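2 protein chains.
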Amino acid sequence: MATIVDVAKSAGVSKSTVSRFISGKGYVAKDVQKKIEKAIEELAYVPNEVARSLTQKKSKLIGLLLPDISNPYFPMLAKGVEEYFYEVGYQVILGNVKSNNEIEESYIESFSMQNVAGIITANSENENSKLKTFNNPVVMTDRAYKESEYGVVSDDFMGGKLSAQEILKTHPKKILVVKGPKGLNSLEERFNGMVQVLEGKIAFDVYQSHSFDFGEVEQDAKIIFEQFKETDSMICPSDIHAIALLHEALKRNFSVPEDIQIIGYDDIPMSKFLYPALSTIRQPAYKIGMEAAKLLHALIDKRPVTEKKIMLPVTYIERETTRRK
Amino acid sequence: MATIVDVAKSAGVSKSTVSRFISGKGYVAKDVQKKIEKAIEELAYVPNEVARSLTQKKSKLIGLLLPDISNPYFPMLAKGVEEYFYEVGYQVILGNVKSNNEIEESYIESFSMQNVAGIITANSENENSKLKTFNNPVVMTDRAYKESEYGVVSDDFMGGKLSAQEILKTHPKKILVVKGPKGLNSLEERFNGMVQVLEGKIAFDVYQSHSFDFGEVEQDAKIIFEQFKETDSMICPSDIHAIALLHEALKRNFSVPEDIQIIGYDDIPMSKFLYPALSTIRQPAYKIGMEAAKLLHALIDKRPVTEKKIMLPVTYIERETTRRK
């Protein structure tokens with residue numbers, strides 16, 4: 001690959017002239033500019049990003065921390081982040097944190113060493129997180145939002161309310177609210193929204209799930225069908241939970257939605273392909289990623305930011321796992 | 001964040017002594033070493049990776065090119081790559097190429113500018129790809145393999161054969177082979193394997209699909225059910241195709257597998273949660289990512305590589321969308 005020295009030789013000028021031309025700092029005569037441009041084009045010269053990063057203490061890299069990339073919700077969010085930053089000339093380093101604080105710390109340290117220009121995290125909040133001492137801007141999204149200065153999420157409280165309201169309209173006999181893993185702010189909000197709608201209106205059971213992992217959620221589904229035999233309506237904290245419950249219901253020869261109705265959360269790409277197709281609350285994962293990237297980009301460029309925290313609306317997607325009203 | 005100057009001050013030594021200590025080049029007295037170590041720990045000093053990258057022309061970064069991160073197969077592969085490199089102190093830059101040559105080129109250019117130590121690509125082969133002129137090692141996987149020097153895939157030809165063999169055992173009346181998008185080597189191999197088993201034994205139709213996109217594959221499924229009314233057995237190039245066909249079959253009130261049987265390819269995490277659960281050929285996506293990372297790491301470290309091309313076995317996962325033999 002061509003170096004700055006090759007460009008200088010080919011253009012018949014000194015290395016420092018080429019350097020002045022590239023950095024845009026200092027005078028370079030018009031005709032010399034043309035010679036250098038021609039040499040750059042002919043040699044397909046790419047100025048070294050690493051050298052730029054070293055002098056400016058800020059690279060063209062973004063760090064993205066995700067709790068679990070095998071959960072189909074997060075690739076959509078990552079896609080939004082990646083597509084925005086691609087357009088503005090940044091690359092995204094992927095950090096799959098697996099909800100492990102040690103891995104998170106280690107990634108933040110690596111990001112510092114790479115002079116990463118900013119971080120977007122969807123990882124859950126962590127009291128002692130090194131993010132708090134990270135020098136460049138940080139935007140929180142999804143599971144991390146409450147304590148942050150800058151963030152983009154969807155309206156989890158409203159989403160929780162919405163799913164409970166939709167179930168209430170269908171004259172449920174006995175409701176089970178499946179609560180997602182503890183300590184995640186977004187899930188607490190959803191649960192609070194659900195409870196606010198249901199309380200005082202109808203009795204309901206609560207089951208505490210501890211995972212988003214397919215295998216573990218499959219076990220939850222088995223326990224739920226053994227334990228809550230009266231339930232005819234299930235409100236879920238994610239589509240993964242809803243899909244596992246739907247599978248278990250059909251395996252046990254229940255009709256869905258006649259015997260058991262199920263409402264999910266997220267609207268992952270697969271949900272509409274289930275049979276019956278899943279009724280769910282749609283979070284705009286791609287848009288959340290895109291907006292978080294846009295906000296982070298403004299912070300990196302030190303442009304004025306009017307909305308430090310952005311909350312995007314959620315919508316109810318009625319499909320076939322809920323009864324008609 | 002602490003700098004090398006802070007460390008030097010705190011340890012009461014010169015900056016160049018700290019620098020010698022960190023690089024391991026040159027003599028530093030034992031008691032001075034201890035002082036520096038203590039200062040580094042107290043100040044939580046992180047040596048700048050960018051400076052290291054500049055002198056060595058090789059960063060601790062890996063480039064990963066994927067065709068589409070919203071296809072659930074690829075996050076599993078990415079997870080394998082990321083988890084391997086996390087353990088050995090590298091970070092992975094995500095390039096979601098969207099099967100677009102221009103985006104691929106642009107990413108490869110950016111990777112060069114970042115002094116990326118190596119690239120793993122699952123993107124389809126591209127005659128004029130800039131990968132061929134990339135200075136550091138490249139490992140191809142999944143869709144890109146045939147033309148490459150180093151690669152990790154699963155045995156697509158055997159997978160194709162396996163899916164056709166399993167369908168043949170169930171006494172199919174009329175088979176439809178759904179062929180995946182053209183120009184992807186892995187899909188050609190699968191198709192060739194299927195055809196080799198079926199030809200001369202039974203008549204079969206072929207439908208050419210042009211996408212892995214959920215929306216477009218949904219359209220394919222509608223066309224297929226209109227066009228191939230005799231078909232009772234469908235062999236698919238991916239689980240996405242199989243899921244769309246399963247959904248369409250159930251919507252049209254066919255019994256699966258009694259009226260229509262369907263076999264997928266990949267075994268994405270969702271497949272076992274469908275109802276009926278999907279019979280499919282399992283590709284070890286996570287392991288492919290892991291092995292590709294291991295191979296690339298050996299190349300980066302210039303360790304001897306005995307197997308330049310690794311082909312991992314596939315397995316048939318019998319679930320509920322195929323008839324019992």
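Protein chains in written order, with the UniProt record's numbering: chain A, 1 to 325; chain B, 1 to 325. Virtual Cβ for every residue (Gly too), placed ideally from N, Cα, C. Since the model is a prediction, treat every value here as computed from it, not as a measurement.
Residue i versus the options, residue with shortest Cα-Cα distance
| i | options | result |
| --- | --- | --- |
| A:L176 | A:I263, A:L94 and A:G200 | A:I263 |
| B:T321 | B:A298, B:Q261 and B:P313 | B:Q261 |
| A:I300 | A:A11, A:K15, A:N135 and A:K34 | A:N135 |
| A:R190 | A:H210, A:G160 and A:A2 | A:G160 |
| B:A2 | A:S112, A:I268 and A:H210 | A:S112 |
| A:L162 | A:I317, A:V5, A:R323 and A:I4 | A:I317 |
| B:L66 | B:E102, B:G26, B:S124 and B:V13 | B:S124 |
| A:K229 | A:I288, A:Y275, A:R303 and A:K174 | A:K174 |
| A:D142 | A:A122, A:T133 and A:K132 | A:A122 |
Local conformation of residue i per DSSP, three classes
| i | result |
| --- | --- |
| A:K182 | coil |
| A:Y45 | coil |
| B:R319 | coil |
| B:I175 | strand |
| B:Q283 | coil |
| B:K309 | strand |
| A:V256 | coil |
| A:G200 | coil |
| A:Y275 | coil |
| B:G12 | coil |
| A:N96 | strand |
| B:P19 | For the sequence presented, residue 19 of chain B should be read as Ser rather than Pro. Helix. |
| B:G26 | coil |
| A:S154 | strand |
| A:D239 | helix |
| B:Q114 | coil |
| B:Y90 | coil |
| A:S106 | helix |
| A:D6 | helix |
| A:I224 | helix |
| A:D301 | coil |
| B:T133 | helix |
| B:I288 | helix |
Counted within 10 angstroms of its Cβ, other Cβ atoms place residue i as buried (16 or more) or exposed
| i | result |
| --- | --- |
| A:Q208 | exposed |
| A:K325 | exposed |
| B:P172 | buried |
| residue 326 of chain B | With chain B represented from 1 up to 325, any question about residue 326 of chain B goes unanswered, as that position is not in the structure. |
| A:N253 | exposed |
| B:Y86 | buried |
| B:S255 | exposed |
| A:G180 | buried |
| B:S192 | In the sequence as presented, Ser is not what sits at residue 192 of chain B; that position holds Asn. When all chains shown are included, B:N192 counts as exposed. |
| B:E102 | exposed |
| residue 327 of chain A | Any property of residue 327 of chain A remains undetermined from this structure, which presents chain A solely from 1 to 325. |
C-beta atoms of residue i and residue j nearer than 7 Å
| i | j | result |
| --- | --- | --- |
| B:Y73 | B:D266 | yes |
| B:E218 | B:A244 | yes |
| B:T306 | B:R282 | no |
| B:G151 | B:M158 | no |
| A:V178 | A:C236 | yes |
| A:F273 | B:H241 | no |
| B:G63 | B:V116 | yes |
| A:M76 | A:A277 | no |
| B:K60 | B:Y90 | yes |
| B:N96 | B:I69 | yes |
| B:V18 | B:V32 | no |
| B:S186 | B:D213 | no |
| B:E149 | B:K130 | no |
| A:K15 | A:V28 | no |
| B:S211 | B:L312 | no |
| B:R223 | A:I93 | The identity of residue 223 of chain B in the sequence shown is Ile, whereas the question assumes Arg. For B:I223 and A:I93, no; Cβs fall outside 7 Å. |
| B:R319 | B:S279 | yes |
| B:A11 | B:K30 | no |
| B:L296 | B:G118 | yes |
Proximity test, residue i beta-carbon vs the ligand FMN heavy atom, cut-off 6 Å
| i | result |
| --- | --- |
| B:E166 | This structure does not include the ligand FMN; it has no bound ligands of any sort. |
Contact residues within the stretch 273-298 of chain A, judged by C-beta distance below 8 Å to chain B
With the criterion set as a beta carbon lying under 8 Å from some beta carbon of chain B, the members of the stretch 273-298 of chain A are F273, L274, Y275 and A277, in sequence order.
If you measure beta-carbon to beta-carbon, which residues of the stretch 53-79 of chain A are closer than 9 Å to chain B?
Residues of the stretch 53-79 of chain A with a Cβ closer than 9 Å to any Cβ of chain B, in chain order: S53, L54, K57, S59, K60, L61, G63, L64, D68, I69, S70, N71, P72, F74, P75, M76, A78 and K79.
Could you run through the stretch 228-251 of chain A and flag, in chain order, every residue whose CB is less than 8 Å away from some CB of chain B?
If the cut-off is 8 Å between Cβ atoms, the stretch 228-251 of chain A has I243, A244, L246, H247, L250 and K251 near chain B.
Any C-beta of chain A within less than 9 Å: which residues of the stretch 27-44 of chain B qualify?
Across the stretch 27-44 of chain B, CB contacts with chain A closer than 9 Å involve A44, in sequence order along the chain.
Which of the residues in the stretch 110-136 of chain B, read from start to end, lie with their CB under 7 Å from any CB of chain A?
Result list: S110, S112, M113, Q114, N115 and N135.
Could you run through the stretch 203-216 of chain B and flag, in chain order, every residue whose CB is less than 7 Å away from some CB of chain A?
Cβ contacts with chain A come from F214.
Mind checking the stretch 306-319 of chain A against chain B and listing, in chain order, the residues whose C-beta falls within less than 8 Å of any C-beta there?
Look at the stretch 306-319 of chain A: it has no residue with a C-beta under 8 Å from a C-beta of chain B.
If you measure beta-carbon to beta-carbon, which residues of the stretch 89-100 of chain A are closer than 7 Å to chain B?
Flagged, chain order: Q91, V92, I93, L94 and N96.
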